[in-house]
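Q: Throughout the sequence shown, residue numbering follows this note's numbering, covering 3 to 162 in sequence.
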Amino acid sequence: MGYKLQLKATVEGLKDLQPTDTAEDPFEYTFEIQCTSCREQHEKEITINRFEQHEISGSRGEANFVFRCKSCKRESTASITRTKETLSQDDQKPKTILEVEARGLELVKFIPQGNFEATGVESNTPFKEIDLSENEFYDYDDNAGQEVSITEVEWDIVRA
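This is the structure we're talking about:
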């Protein structure tokens, strides 16, 4: 099953909002998941790193995340792809930040833990450590002489 993680927010004074996600500093995408076989929701949040690869049992290749359900013992996998989409000041529509190919598990909820980055619209000032865990961010762009903010943050998991 394919999923898209979409971000929508009111952005003021910033452009190119995206997770900080490089091989040197990978973003740990955190989700609540549910087994599609027994419908049991996993009790803990899981993290998926797009730079990690794990063996799928039965030599069926690799995935970014491999999970065995405690209830039904079925193995599930997920592989993620970062899109090139970013969120900027006048964007009205949600942007797809991540594409997920999941087998045997359903993504229930995304938890934004980790750093995001953006650039000042007027000054091109980099903002590197944006925390969206509270669904808002406020700062001041000294070079542009104006406040910058990200508010009304909404995350949506859509079936692809």
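Here a beta-carbon is modelled for each residue, glycine too, at the ideal position from N, C-alpha and C.
Given GLU103, which residues of its chain have a CB within under 6 Å of its CB, disregarding the five upstream and five downstream residues?
A: Taking the sequence shown and counting its residues from 1, the one referred to as residue 103 is at position 101. Closer than 6 Å at Cβ, skipping near neighbours: GLY4 and SER81.
Q: Measuring alpha carbon to alpha carbon, tell me which of ARG161, GLU57, GLY63 and SER151 ends up nearest LEU89.
A: Here the question's residue 89 lines up with position 87 in the sequence shown. Among ARG161, GLU57, GLY63 and SER151, the Cα nearest to that of LEU89 belongs to SER151.
Q: By a C-beta neighbour count over all protein chains shown, 10 Å radius and 16 as the cutoff for buried, is ASN66 buried or exposed?
A: What you label residue 66 is simply residue 64 of the sequence shown in a count that begins at 1. Result: buried.
Q: So for CYS40, helix, strand or coil by DSSP?
A: Here residue 40 is taken as the residue at index 38 of the sequence shown, counted from 1. Three-state DSSP puts CYS40 in coil, outside helix and strand.
Q: Rounded to the nearest angstrom, what separates ILE132 and GLU101 at their Cα positions?
A: Looking up residue 132 in the sequence shown gives position 130. Looking up residue 101 in the sequence shown gives position 99. Each residue's alpha carbon lies about 22 Å from the other.
Q: Let me check one thing: in DSSP terms, what residues is SER151 bridge-paired to?
A: Residue numbering aside, residue 151 sits at position 149 when the sequence shown is read from its first letter. Beta-bridge pairing links SER151 to GLU14 and TYR140.
Q: According to DSSP, simplified to helix, strand and coil, what is PHE29?
A: Looking up residue 29 in the sequence shown gives position 27. Coil, per DSSP.
Q: Given this structure, state the Cα-to-Cα distance separating VAL155 from GLU42, to the nearest angstrom.
A: Walking along the sequence shown from the start, residue 155 turns up at place 153. Walking along the sequence shown from the start, residue 42 turns up at place 40. Roughly 28 Å separates the two Cα atoms.
Q: Could you check what DSSP says for VAL160 in three-state terms: helix, strand or coil?
A: Locating residue 160 in the sequence shown gives position 158, where the first residue counts as 1. Three-state result, VAL160: strand.
Q: In the DSSP assignment, find the beta strand (DSSP E) that holds GLU133 and state where it starts and stops.
A: Here residue 133 is taken as the residue at index 131 of the sequence shown, counted from 1. The question names Glu, but residue 133 in the sequence shown is Asp. Taken as a continuous stretch (DSSP letters only), the beta strand (DSSP E) holding ASP133 covers 128-133.
Q: Closer than 8 Å is the cut-off here; do at least three beta carbon pairs connect the segment 108-121 with the segment 28-40?
A: Touching, yes, given that three or more Cβ pairs across the two stretches are closer than 8 Å.
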